[in-house]
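See structure below.
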Amino acid sequence: MDTVKYYKRASLPLEMHKVCIVQKTRIPTVEERVEAIYRAGFNTYCLMSDDLYLDMLTDSGVNAMTNEQLGAMMLGDECYAGSRTYRKMCDKIKEIFNKDYFLPVHQGRACEHMIAKAFVQPGQIVPMNFQFGTAVGQIALQGGSYELCLKESGLELQSSEPFKGDFDTEKLERLLKEQGDNIAFVRIEAGTNLIGGQPISMGNMLEAARICRKYNAISILDASLLQDNLHFIKTRDAEYSHLSIREITRMLSDAMDIIYFSARKLGFGRGGAIITNDKAHYERVKYFVSKYEGFPTFGGMSIKEMEAICVGLDDTMDEETIAQGPAFIEYLTRELVERGIPMVTPPGGLGCHIDAMKFLPNIPREKYPAGCLAAAIYIASGCRGMERGGIDEPWENEDDLPFGTLETVRLAVPRRVYTVSQMNYLIDRILWLYDNRDLIGGLGFADGNRMGHNFYDKLEALEPWPERLAAKFREDFGDSL
Ligand code: F0G
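In our numbering, the protein residues as written are 8 to 488.
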């Protein structure tokens, strides 16, 4: 994609697809947006699809599919046990990852559930480069805990470091040496979701896997965000950029004992997969798959989706295809940074991330700046992002916050869904919001209203700032949407 040069204007991300099917959308009025955000308890998870112009909550299961994927779905062999589609997916996984054993499950967290059931004993520890809620939730349900081993600089929101997801490998090694049998496995997340979709370098992943082998610990790669990470290895890592995406994937896969992924992200479908070359690991996980997910040739996934994922995995090996998401994220981030908006840099995968504490310096953490900003962006634009901050952490004061709790708003970029003009609209509204940021106020929990999870929590505006913002919007934009 970056091979296309423009004659007169600065470069824009250029789509390498044409649109075949569209879904209509509309922009609710600013008054409707204020009403909707109150109804949602200032929690963007609780907004409904009809409240939205752009849905940038997540890239999970909402990437546009190709005509080839949709066509392949019709070839699905709907068979409870021993489906031909299962064989096809086994072959595709063998071709790409060189792994012999594959277990289908219904989504990424089901992989994590099965793996935790199979490998975590009460009291055991899972070191990881960074935590992700679904993974650590499953580990905790089995009585285990996690230990973060991220390199300290990974938490710097504005940085020029190309691979902020890297392990502190000295810490990892120390932990494995000291804890021995108390280590359930090591989880390697590529890319690293909660620090801004930041990639982890190839050398660092290979080193983490080497340390695992040295101390006889199982290495498990969470490859849900691998497609962006592959793009960044190819474009940012001089040591590996001469390799093709397939060669990088193969080299990485060969180093890992187990790989799992949410196919809602990797493979542009809806499902999940656990893969390995170790028969004993496979048998151990298979037992739980058949108990919780489904017969191990479909494992809770729709056969049609398995067909689509086979095509999607092939597309993941195509440099042009996987460059699309990062190109949009880079564009959004660059345009906003150039106009003074505090963004997480360098841009990563999955989405662009705004540094909420810098955007709203007058709102202390106790008033949830990332939650306020996500709600305010929705009021200003009809676009839904996601609070990535303290709302879903049970804490009383700043000292209680778990290590690495940042305050960011994520604007996910589902692949091939939105156009550059829609991104330009969003940029414009964020710039307006920044100029009017003093109008944004805090949020708080009503007594007893805290569920401890940002999926459901309902908050209240501590002052009538949404109305203030809407009035200024009307003043500046007249009767525009
Ligand atoms: N691992 C990572 C790195 C993820 O980002 C996700 C999901 C999962 C596992 C779980 O997969 O949703 O299929 O159960 N991330 C989504 C997001 C929810 O919006 O970031 P799942």
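Cβ atoms here follow ideal geometry from the backbone N, Cα and C, with glycine treated the same way.
query: Assigned secondary structure, cysteine 317 (DSSP; H/G/I helix, E/B strand, else coil); result: helix
query: Methionine 574, enclosing alpha helix (DSSP H) - first and last residue; result: Nothing in the structure corresponds to residue 574, since the chain is present only between 8 and 488.
query: Exposure of methionine 212, with buried meaning 16 or more beta-carbon neighbours within 10 Å; result: buried
query: Beta carbon of lysine 479 nearer than 8 Å to that of asparagine 443; result: yes
query: Cβ-heavy atom distance, arginine 346 to the ligand F0G, below 7 Å; result: no
query: Contacting residues, own chain, Cβ-Cβ under 6 Å from arginine 475 (five flanking each side not counted); result: Leu446
query: Meets three-Cβ-pair contact criterion under 8 Å: the stretch 412-430 and the stretch 331-348; result: yes
query: For serine 226: DSSP bridge partner residues; result: Val193
query: Status (buried if at least 16 other CB within 10 Å, exposed otherwise) for proline 368; result: exposed
query: Distance between glycine 89 and methionine 258 (C-alpha atoms, nearest Å); result: 30 Å
query: Whether phenylalanine 192 touches alanine 224 by CB criterion (8 Å); result: yes
query: Where the beta strand (DSSP E) through arginine 417 begins and ends; result: 415-419
query: Check: phenylalanine 174 C-beta below 7 Å from any heavy atom of the ligand F0G; result: no
query: 8 Å Cβ cutoff met for tyrosine 294 and tyrosine 108; result: no
query: Reference arginine 395; option with closest CA among Asn404, Ala387, Cys379, Asp407; result: Cys379
query: The stretch 42-53 contacting the stretch 23-32, beta-carbon criterion three pairs below 8 Å; result: no
query: Contact set for methionine 81: own chain, Cβ-Cβ below 7 Å, skip 5 residues either direction; result: none
query: N- and C-terminal bounds of the alpha helix (DSSP H) containing threonine 242; result: 233-243
query: Alpha-carbon spacing of serine 18 relative to glycine 140, whole angstroms; result: 37 Å
query: Residue environment, phenylalanine 268, which counts as buried when at least 16 other CB atoms sit within 10 Å; result: buried
query: Pair within 8 Å by beta-carbon distance, isoleucine 132 and serine 152; result: yes
query: Phenylalanine 462 versus serine 167 - alpha carbon distance; result: 32 Å
query: First and last residue of the uninterrupted beta strand (DSSP E) at alanine 468; result: 466-468
query: Near the ligand F0G: alanine 142 beta-carbon under 7 Å from a heavy atom; result: yes
query: Endpoints, the beta strand (DSSP E) within which isoleucine 434 is located; result: First-last for isoleucine 434: 427-442, but that is the alpha helix (DSSP H), not the beta strand (DSSP E).
query: Any non-hydrogen atom of the ligand F0G closer than 7 Å to threonine 51 Cβ; result: no
query: Reduced DSSP category for cysteine 390 - H, G, I as helix; E, B as strand; rest coil; result: strand
query: Nearest to glutamate 85 (by Cα), restricted to the options Val41, Thr304, Gly356, Glu400; result: Thr304
query: Where cysteine 86 falls: helix, strand or coil (DSSP); result: coil
query: Residues that DSSP places opposite methionine 55 in a beta bridge; result: Beta-bridge pairing links methionine 55 to no other residue.
query: Any non-hydrogen atom of the ligand F0G within 7 Å of threonine 283 CB; result: no
query: Top-ranked residue by Cα proximity to glutamine 138, from Pro473, Glu119, Gln128; result: Glu119
query: Pairwise C-alpha distance: aspartate 261 and methionine 8; result: Below a pLDDT of 50, predicted positions are generally treated as unreliable, and methionine 8, at 46, falls in that range; the measurement from the model is reported next regardless. Between methionine 8 and aspartate 261, the C-alpha separation is close to 29 Å.
query: Length of the line joining the Cα atoms of cysteine 219 and threonine 176; result: 11 Å
query: 7 Å Cβ shell around lysine 272 - same chain, five flanking residues per side excluded; result: Asp66, Ser67, Ser231, Leu232
query: Any 3 or more C-beta pairs closer than 8 Å across the stretch 94-112 and the stretch 146-165; result: no
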